[in-house]
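Working notes for the structure below.
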Ligand SMILES: Nc1ncnc2c1ncn2[C@@H]1O[C@H](COP(=O)(O)OP(=O)(O)OP(=O)(O)O)[C@@H](O)[C@H]1O
């Protein structure tokens, strides 16, 4: 759905994007993560056709996006700084969106109204709190029934209940209609339960882009205990990290979790258990050998 090839953007003499490559498949929920200033909003502004790249190209559904209304009609975008007509209320914004998006679903708009019960649709946007404005942006964006939703820090500033509510609306939309979602966040934890693909941005580059299943099948945490000392493990058994408490060893192992467990079982342990790794841990161990402070990027 989205293809970003080698995009470069310079502001003055600052290279904000330094050859970004990013690929979002149809129906994927793709989380774009990175620290402040990594370039997430800047690449999103390119993907949405607001900025023109200095070099490289961007396609949405096979079409270049810059100055292309046909490509832009495919997505709804919620930016980090929301755009509204400040004097308008939600009902007026609905009429505006309905005029722009042929796919606008008025039934859906009224059906999900209860999820946003603290918003008075007759209140002008100017009078709403920031969190309420964000909720209204969601309500309208989902109702547009876009093929693609592009969300820049969508739940930032929302309370935990509303965060969950918003994610659940997005997830059911994805499940029912196969909507593709590109969502940016500082926080891997936030995206862990919802995304099936993750890209990590740092210093104007996407350093790593993977599917969740690829990641979860590539590294695991195993706890193992032996009667005596730990026997020597095979040379090709790749342990990324190991700690021990008494006779219990906790190791982070590279490779398929089932295979790793089977191999360790052959060393006759007293007990063995494969434990889940958080996405954050997977990235830290996967990128651990690189010459940058991975923890600073992710935590
Ligand atoms: N219009 C602009 N003019 C000059 N510099 C800019 C402009 N837009 C972005 N930058 C710079 O580009 C870099 C990337 O900014 P960007 O907003 O894309 O980061 P981000 O990853 O979205 O950060 P955050 O998580 O804080 O929102 C920053 O150093 C920022 O100062």
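Residue numbers (full-length UniProt numbering): 1 to 299.
Note that the Cβ used here is the ideal one computed from N, Cα and C, for glycine as well.
Please return the same chain residues whose Cβ sits closer than 7 angstroms to the Cβ of residue i, not counting the five positions on each side in sequence.
i	result
residue 230	249
residue 227	270
residue 144	76, 97, 101, 103, 104
residue 247	225, 226
residue 171	194
residue 265	272
residue 173	142, 179
residue 130	157
residue 153	80, 184, 185
residue 285	219, 240, 241, 252
residue 74	60, 61, 146, 147, 148
Can you tell me whether residue i is helix, strand or coil according to DSSP?
i	result
residue 161	helix
residue 3	strand
residue 59	strand
residue 10	strand
residue 89	strand
residue 100	helix
residue 285	helix
residue 15	strand
residue 115	helix
residue 65	coil
residue 171	helix
residue 237	coil
residue 150	strand
residue 210	strand
residue 186	coil
residue 232	coil
residue 82	coil
residue 317	Because residue 317 is not part of the residues shown, which for the chain are 1 to 299, the question remains open.
residue 177	helix
residue 122	coil
residue 52	coil
residue 290	Low confidence applies to residue 290: its pLDDT is 45, below 50, so where it sits in the model is not reliable enough to give any reading.
residue 20	strand
Following the continuous alpha helix (DSSP H) through residue i, name the residue where it begins and the one where it ends.
i	result
residue 134	130 to 143
residue 71	69 to 72
residue 46	40 to 47
residue 275	Not the alpha helix (DSSP H): residue 275 falls in the beta strand (DSSP E), residues 271 to 275.
residue 261	257 to 265
Report all residues from its chain with a CB closer than 6 angstroms to the CB of residue i; omit the five preceding and five following residues, and keep chain order.
i	result
residue 166	138, 155
residue 339	Absent from the structure is residue 339, since the part of the chain shown begins at 1 and ends at 299.
residue 261	274
residue 302	In the structure as shown, the chain starts at 1 and stops at 299, and residue 302 therefore has no counterpart that could be examined.
residue 338	In the structure as shown, the chain starts at 1 and stops at 299, and residue 338 therefore has no counterpart that could be examined.
residue 112	none
residue 82	133, 137
residue 299	Note on residue 299: pLDDT 41, under 50, position unreliable in the model; no value is reported.
residue 59	3
residue 39	16, 17, 201, 204
residue 267	231
What does a CB cutoff of less than 8 angstroms around residue i pick up in its chain, not counting 5 residues either side in sequence?
i	result
residue 291	Note on residue 291: pLDDT 42, under 50, position unreliable in the model; the coordinate value appears next. There are no such residues.
residue 124	86, 87, 88, 89
residue 242	249, 250, 251, 252
residue 169	112, 115, 138, 142
residue 118	132, 135
residue 12	none
Provide the residue span of the beta strand (DSSP E) that contains residue i, from first to last.
i	result
residue 223	219 to 225
residue 194	Per DSSP, residue 194 belongs to no beta strand (DSSP E) and is neither H nor E.
residue 278	It is not in any beta strand (DSSP E) - residue 278 carries neither H nor E in the DSSP assignment.
residue 31	29 to 33
residue 155	Where residue 155 is concerned, there is no enclosing beta strand (DSSP E), given that its DSSP letter is neither H nor E.
For chain B, find out if any of its Cβ atoms is closer than 8 angstroms to the Cβ of residue i; answer yes or no.
i	result
residue 151	Annotation note: the requested chain B is absent from the structure, which comprises a single protein chain.
As a quick check of your reading: which residues have a C-beta less than 5 angstroms from at least one non-hydrogen atom of ligand 1, in chain order? 11, 16, 36, 37, 38, 39, 40, 41, 42
Give a yes or no on contact between the segment 231 to 243 and the segment 62 to 72, applying the rule of three or more CB pairs nearer than 8 angstroms. no
Do the segment 197 to 207 and the segment 12 to 24 meet, that is, are 3 or more Cβ pairs less than 8 angstroms apart? yes
For the segment 245 to 263 against the segment 210 to 220, do three or more pairs of beta-carbon atoms, one drawn from each stretch, fall closer than 8 angstroms, so that the two count as touching? yes
Taking three-plus beta-carbon pairs below 8 angstroms as touching, is the segment 146 to 162 in contact with the segment 177 to 187? yes
Between the segment 191 to 199 and the segment 25 to 37, are three or more C-beta pairs nearer than 8 angstroms? yes
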